[in-house]
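Chains as they are written, first to last, in UniProt numbering: chain A, 1 to 142; chain B, 1 to 661.
Everything below concerns the one structure shown next.
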Amino acid sequence: MIRAVVALLLALLAIPVMAQDSMPPAPYAYNQLDDPRLEAEATTLMHTLRCLKCQSQSIADSDAPMAGDMRHQVRSRILAGESPDQIRGWLIARYGDYVSYEPEVSATTWPLFAAPVLLLLIVAGVLLRRLGKRRSDAGDTV
Amino acid sequence: MIPEIGLAALWLAAALAVLQMVSGAFALKAAEGAVNPLAIYARPAAVVQAFLAVLAFLMLLWSFAITDLSIKLVASNSHSMKPLLYKLTGTWGNHEGSMLLWVGVLALSGGLLAGFEKRLPERTMGATLAVQGFVALGFYAFLLLSSNPFERLPVPAAEGTGLNPLLQDIGLAIHPPTLYAGYVGLSVAFSLAMGALLTNQVNPSFARVLRPWVLGAWVLLTFGITAGSYWAYYELGWGGWWFWDPVENASLMPWLAATALMHSVSVLAARDALRTWTIMLGVLAFSMSMLGTFLVRSGVLTSVHAFAVDPERGAFILGLLGLYIGGAFTIFALRAGAVAEGKRFAIASREGALVFNNVMLSAILAIVLLGTLYPLLTEVFDVRVSVGPPYFNPAGAIFAIPMLLVMAVGPLLRWKSDKPARLQFELALIASLVIGVIALVSFFGQFPLLPLLGLGLAAALAVAAFLPLRGRNLARVPVATWGMVLAHFGIAVSLFGMACEGAFSQERLAAVAPGGTEQIGDFAVTLESVTPVAGPNWTAIEARLAVSRDGGEPVILNPQARNFWSPPQSTSESALLTRWDGQLYAVIGNQAEDGRWQIRVWWKPFVTFIWYGGLLIALGGILAIAGRVKVDVKRRAAVTKGAERRADVEALDVASPVPAE
């Protein structure tokens, strides 16, 4: 009895796993939207979303089945009239910040945005010190 | 027997690295002009060590060539059915083999330095070789203690596991060796910088010794990155050529530092300015090489947690990294004050422009470094974020755009001090080209901001690159100046390719039945047939695509979807149609249930210019080396001739007083 239940459970568990490999890809995984403007919007968005099953690839650059499903999601949602930002938000809510290559300013990512500003200040400082001082020195000696 | 010879050679080389280090250090104890009796072993030790390390590498190469399955590394990374070329390149298509290549190149460059460099004072040379030996010793230890490439299996394997099919490509023969040679060539720059700092010899003659090494390493890095980008572009099947992937960034960071170093060395050689700055960049460039090696080789990129579970290798490299970078910057901090200030210059001078651009390059380096390491840092605290093109592109552009503008003007300025008013015409020309091109392109359509700026800058830079030749007798322009012109023009060409790819690429994804036609840009693509084909270690389906432009004569393209059986993995082999104004990129995908085939086609206008530009930049570097060598040989010949004449005159003087009677 217990064996039968376990076997049944295993079979149930196995179905989605097998389904993922053998199911044909979703319609919009490898097909474009007819409207070029919407397709361009979708492509731009897809290039900034991470394929979670790959190493360092966007969903627009991957043959992985999961990337195909995500492309389908993006295209059909764009077609349904959602904005790219809404779709990104929905994906982040579902998969976490990791899915988006476009980090947003938050408690965990602020250093990424503070750094360029800080760098600009440092660069200005270094240049003023190196180049500015030279001029006054040259003025002194001349 | 072969692998044992390799292993023994490695141990001996490690022992010689110790001798080189100790003997080199004794050179520092010698009095000015004298030679310490213990210091004479450093040069021969470096030369013999180079032979041994190269021998060890050749032994591994041989083991891969004959597929010696009693060696663990061969069994787990090769396969007897692989074509010979991929057996050979597979030698460095894995962790241990690539580290052995790294160490082999390190020892070889140390040996070349010790064997051929006679211009440096003995004390500086001793200190340099000591540092080089110290660096080499760490990496020998890493190989021998945690990544022995020659480890035998208790029972030889019946068959090998095979090599990742993505790596079974001519790209593996070119990209890693050139990149590694570039990485490791910077080790000599590092050792020379340390040697000069320790013996207080930071001066123009030191810069002239340093320059060919920096230029050589920079050329190899440029070429390696260009080759790697093109390889990823055609091999991965989606037409991407740069994704700010950590592995790509690992190769870009040393290049950025080496670019800054190369310019800084030129200023030091020509003008005796930027002394400490050159030393700092020398340390930074090799630090970035080692960081890149750590990122790629420690497994930290796959997952920080995987790294934490099996930290042996990663922790070893991290330790070496801390030791060398930390040690170098400590010595720098202690000794930099002793380096006398170099010659002074005004803001509006060629040195001023070079300093500005060096600072900009360093800032871009900082952005790339932060964007690459930040996700690893947060992952330690279980917060996963991704940093990709939407971050790197704008953040890098903040510093790249001013840098490119100054690059256009810099070579026109005079050394030491100049009046910007003298360059009114050139400045107006550059500004009008940037604005004119951007206005013209915007008139024809809406394009993203960065590619648009790129197009404007590319046009201006292409013209500005040749302005330094204006009004000069072209036959008398030094070879090195041609090198600079060509390299700067290459930047413009590459930028143009990137901007065009970003702004004008067209994509067509469709399910097509045999006989069906799809239109992309000016091209009509007809799927004529799909047939199965077989190779030495794969089977594939191959599409026959007839591509005709504007109704012209069709050209046949044959993209394949390959299935390798050892290891079992599938790859897309794209088919490329190259025209002067761009590339058509075609890929065959899966078959849909209704029998139609998925095809992906891109038309990428001027995309090839990205890599043509890269090649031009590398060629510019080669010309610069050739020019410097030519001048150097001339100078040496003149010195020898002068010495001979003086000897003749002396001989005559001695002869003349002989009495006639």
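For glycine and all other residues, C-beta sits at the position ideal for the given N, C-alpha and C.
Cutoff 7 Å: residue i Cβ touching any chain A Cβ
| i | result |
| --- | --- |
| B/W597 | no |
| B/Y391 | yes |
| B/S505 | no |
| B/W102 | no |
| B/Y86 | no |
| B/A363 | yes |
| B/L370 | yes |
| B/A353 | no |
| B/E501 | no |
| B/G240 | yes |
| B/A17 | no |
| B/V359 | yes |
| B/T378 | yes |
Amino acids of chain A, ordered along the chain, whose beta-carbon sits closer than 9 Å to that of residue i
| i | result |
| --- | --- |
| B/P246 | S56 |
| B/V601 | Simply none; closest approach about 11 Å. |
Pairwise C-alpha distance: residue j and residue i
| i | j | result |
| --- | --- | --- |
| B/L584 | A/M46 | 22 Å |
| B/A592 | A/P25 | 8 Å |
| A/D21 | A/P65 | Annotation note: pLDDT 49 at A/D21 (below 50); position unreliable, coordinate value reported separately. The alpha-carbon atoms of A/D21 and A/P65 are separated by roughly 8 Å. |
| B/W92 | B/H175 | 11 Å |
| B/M194 | B/A333 | 12 Å |
| B/P420 | B/L108 | 46 Å |
| B/T128 | B/A45 | 13 Å |
| A/M70 | A/I59 | 7 Å |
| B/S287 | B/R422 | 41 Å |
| B/L365 | B/S289 | 13 Å |
| B/W218 | B/F206 | 18 Å |
| B/P448 | B/N357 | 26 Å |
| B/G292 | A/L118 | 24 Å |
| B/E4 | B/S63 | 11 Å |
| B/L274 | B/F399 | 21 Å |
| A/R50 | B/A459 | 34 Å |
| B/E235 | B/W611 | 15 Å |
| A/I122 | B/E341 | 22 Å |
CB contact check: residue i to chain B, cutoff 7 Å
| i | result |
| --- | --- |
| A/D21 | For A/D21, the pLDDT reaches just 49, beneath the cut-off of 50, and the residue's location in the model is therefore unreliable, although a value from the coordinates is still provided. It does not; no Cβ of chain B falls within 7 Å. |
| A/Y95 | no |
| A/V126 | yes |
| A/D61 | yes |
| A/Y28 | no |
| A/R50 | yes |
| A/T108 | yes |
| A/D130 | Rather than Asp, the amino acid found at residue 130 of chain A in this sequence is Arg. Chain B contact via Cβ: present. |
| A/P65 | no |
| A/P116 | yes |
| A/L79 | no |
| A/V105 | no |
| A/C119 | Looking at the sequence provided, one finds Leu at residue 119 of chain A rather than Cys. Yes, A/L119 counts as interfacial toward chain B. |
Interface partners of residue i on chain B, CB under 9 Å
| i | result |
| --- | --- |
| A/S100 | V385, S386, G388, P390 |
| A/L112 | L370, G371, Y374, V385, V387, Y391, A395 |
Contacts that residue i makes with chain B (C-beta to C-beta distance below 7 Å)
| i | result |
| --- | --- |
| A/R88 | Per Cβ cutoff of 7 Å: no residues; A/R88 is ~10 Å from chain B at best. |
| A/V74 | Correct list: empty, because the minimum Cβ distance to chain B is about 13 Å. |
Terminal residues of the alpha helix (DSSP H) in which residue i lies
| i | result |
| --- | --- |
| A/T43 | 36-46 |
| B/S442 | 424-444 |
| B/T276 | 275-297 |
Endpoints, beta strand (DSSP E) assigned at residue i
| i | result |
| --- | --- |
| B/W565 | 560-565 |
| B/A395 | Per DSSP, B/A395 belongs to no beta strand (DSSP E); it is in the alpha helix (DSSP H), 389-409. |
| B/Q201 | From DSSP, B/Q201 is part of no beta strand (DSSP E); its letter is neither H nor E. |
| B/V555 | 555-557 |
| residue 662 of chain B | Outside the shown range of chain B, which is 1 to 661, sits residue 662 of chain B, and nothing can be said about it. |
| B/E507 | 506-512 |
| B/F523 | 523-534 |
| B/I588 | 582-591 |
Contact set between residue i and chain A, taken where Cβ atoms lie within less than 7 Å
| i | result |
| --- | --- |
| B/L509 | Y30, N31, Q32 |
| B/G589 | Y30 |
Short CB-CB distance (under 7 Å) between residue i and chain D
| i | result |
| --- | --- |
| A/L91 | The chain labelled as chain D is not found among the protein chains of the depicted structure, namely A and B. |
Under 8 Å from the C-beta of residue i: neighbouring residues of chain A
| i | result |
| --- | --- |
| B/A366 | A115, L119 |
| B/I398 | P116, L120 |
| B/F243 | S56, Q57, S58, D61 |
Alpha helix (DSSP H) segments (min. 4 residues) lying fully within the stretch 454-511 of chain B: For the stretch 454-511 of chain B, whole alpha helix (DSSP H) runs of length 4 or above, ordered along the chain, are 479-504.
Complete alpha helix (DSSP H) runs within the stretch 213-260 of chain B (minimum length 4 residues, chain order): Counting only runs of 4 or more, we get nothing.
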